[in-house]
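Residue numbers (mature numbering (1 follows the signal peptide of the UniProt record, and there is no 0)): -19 to -1, 1 to 348. Report on one structure; see the data block that follows.
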Amino acid sequence: MVLLRLHAWVVLGVSLCSAWELPPSLPSSQGPSTCTWQSSPRGLDHRRKFLSSSVGSAAAALCLSYLALRQRGGGSEGRAPSSQALRMSIVDSAVHVWKQDRNYPWATPNPPAADASAEELIALMDANGVDKTVLVQPICYLWDNSYVRDCMRRFPGRFAAVARVNPEDDASVEKLEELSKEGFIGVRFGPLDRGWWESERMRNILKKAEELKFPVLLFLGKDGGKSLQWVAPRIKEFPNVKFIVDHMADVPPSDDQQIDELLSLASSPNVLVKISHVWAISTGQYPWSDAISVVQKVVRRFGPDRCMFASDWPVCKMPTWPGGNTSYDMTVKLAKEEYKFLTEDELAWILGGTASSIWFPASGTHG
């Protein structure tokens, strides 16, 4: 009987904690979280009446003790207890979608053979506990961003959208303005080419991105970290633009020079890195331990609040890519379970906190 009563108190206390919708904790070194305590006036009234009772007071005390334990890192191996209600949010910061549909004509001569639709993606997200995703315009549509736009609108709240514009077209400055009005909140360039990257036209495009507060995604392409020597000066020219280096610049784990070039970008506080393509740069099999060493170096140099998880689905499963037999499930499992050098708070930033702060700031979801 005593155990039954104790169990009831625990359930009551944890339920009260859940009713307040407390966001999981974040590293104190990062300053105040933008998480908000969600509460309606009606809900507050009910909670006040509940707390005024002796049962409510006892449950509140238990709840506060539980929260204090979480703040001290209580639980198994110094970590807070995990549960579905308290789990970290997950935001996938790079996915591509496309569909064979005459309303969305291909712009390249060798389009994908199979669809990667938004509907399939939503099913994968739900099956793997991924809350939100950033849709990045795929190369097969080039500068026609309409399919990504329509997917974003069809699933409000689940997707943010990143466009492509032609870096060799003066009209791209005005095009960015139009895309902003359509709901896009970022732009991607790549594979980067030194000729247009260093051009005056590109400078004007980046000025417009700065004006719109668009993060700029950089896909370096086949040269990977080797190209960072000529990429970096332009990044420094725009300190108020957030530049996000895709896929850890695809630096090989064995190439210390390329890794050092990537890590040197950490001196620019406006540079962030996608933790992705672990499967592509590795020479081994899951969990791709050699590439995890690159992840660790990147996180330690940039900090977890400048790093974000990405699956790069469906590229991850394309056999034409190195390691391209990797399922969406495996990319999520890797990020959730295999970065054992991370604390829980650091993992919360990488899984969802960093991406949320950039792509879904209104949601207040930081882990």
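For glycine and all other residues, C-beta sits at the position ideal for the given N, C-alpha and C. Just so it is clear, the structure is predicted and the values come from calculations on it, not from any experiment.
Determine the DSSP secondary structure at residue 26, reduced to helix, strand or coil.
-> Translated into the one-based positions of the sequence shown, residue 26 becomes position 45. Annotation note: pLDDT 38 at residue 26 (below 50); position unreliable, no value reported.
Identify whether residue 340 lies in helix, strand or coil by the three-state DSSP scheme.
-> By 1-based counting over the sequence shown, the position of residue 340 is 359. The answer is helix: DSSP assigns residue 340 an H, G or I state.
When you compare each of 151, 116, 259 to residue 140 by their alpha carbons, which one comes out closest?
-> By one-based count along the sequence shown, residue 140 stands at place 159. Looking at the Cα atoms, 116 is the closest of the given residues.
7 Å Cβ cutoff met for residue 78 and residue 102 | Reading the sequence shown from its first residue, position 97 is the one you call residue 78. Reading the sequence shown from its first residue, position 121 is the one you call residue 102. Cβ distance < 7 Å, so residue 78 and residue 102 count as in contact.
Answer yes or no: do residue 71 and residue 129 have a C-beta to C-beta separation smaller than 7 Å?
-> Start at 1 with the first residue of the sequence shown, and residue 71 comes out as number 90. Start at 1 with the first residue of the sequence shown, and residue 129 comes out as number 148. It is not a contact, given that the beta carbons lie outside the stated cut-off.
Alpha-carbon spacing of residue 343 relative to residue 333, whole angstroms | Taking the first residue of the sequence shown as position 1, residue 343 is located at position 362. Taking the first residue of the sequence shown as position 1, residue 333 is located at position 352. In a straight line, the C-alpha of residue 343 is about 14 Å away from that of residue 333.
Environment of residue 118 [buried if 16+ CB atoms lie within 10 Å] | One-based indexing of the sequence shown puts residue 118 at position 137. Classification for residue 118: buried.
Check each candidate in 268, 99, 247, 171 and name the one with the smallest Cα separation from residue 136.
-> For the purposes of this step, residue 136 is taken as residue 155 along the sequence shown, with counting starting at 1. Out of 268, 99, 247, 171, 99 has the C-alpha closest to the C-alpha of residue 136.
Residue burial classification, residue 181 (beta-carbon count within 10 angstroms, cutoff 16) = The count along the sequence shown starts at 1 and reaches residue 181 at position 200. Classification for residue 181: exposed.
What separation, rounded to the nearest whole angstrom, lies between the Cα atoms of residue 165 and residue 134?
-> Looking up residue 165 in the sequence shown gives position 184. Looking up residue 134 in the sequence shown gives position 153. One C-alpha to the other measures close to 11 Å.
Just tell me which of 194, 198, 183 has its CA closest to the CA of residue 171.
-> Here residue 171 refers to the residue found at position 190 of the sequence shown. Of the listed residues, the one whose Cα sits closest to residue 171 is 198.
Residue 127 versus 327, 87, 267, residue with shortest Cα-Cα distance = Within the sequence shown, residue 127 is the residue found at index 146, counting from 1. The shortest Cα separation from residue 127 among 327, 87, 267 belongs to 87.
State the Cα-Cα distance for the pair residue 247 and residue 284, rounded to the nearest angstrom.
-> Within the sequence shown, the letter at position 266 stands for residue 247. Within the sequence shown, the letter at position 303 stands for residue 284. Their backbone Cα atoms lie some 9 Å apart in a straight line.
Would you mind listing the alpha helix (DSSP H) stretches within the region 114 to 176 that are 4+ residues and don't spill past its ends, in chain order?
-> 127 to 135, 153 to 163
As assigned by DSSP and simplified to three states, the class of residue 289 = Locating residue 289 in the sequence shown gives position 308, where the first residue counts as 1. Of the three classes helix, strand and coil, the one that applies to residue 289 here is strand, per DSSP.
Helix or strand or just coil, what does DSSP make of residue 275?
-> For the purposes of this step, residue 275 is taken as residue 294 along the sequence shown, with counting starting at 1. In the structure shown, residue 275 sits in a helix (DSSP, three-state: H, G or I).
Could you name the residues of the same chain whose beta carbon sits closer than 6 Å to that of residue 318, not counting the 5 residues immediately before and after it, in chain order?
-> Taking the sequence shown and counting its residues from 1, one reaches residue 318 at position 337. Here the set comprises nothing.
Locate the alpha helix (DSSP H) running through residue 259, then write down its first and last residues.
-> By 1-based counting over the sequence shown, the position of residue 259 is 278. Run containing residue 259: 259 to 262, per the alpha helix (DSSP H) assignment.
Enumerate in chain order the residues of its own chain whose CB-to-CB distance from residue 240 is below 6 Å, with the five nearest sequence positions on each side excluded.
-> Here residue 240 refers to the residue found at position 259 of the sequence shown. Excluding residues within five positions, the ones whose Cβ falls inside 6 Å are 232.
Return yes when at least one heavy atom of the ligand ADP lies under 6 Å from the C-beta of residue 213, else no.
-> With respect to the ligand ADP, the structure shown offers nothing to examine, as it has no ligands at all.
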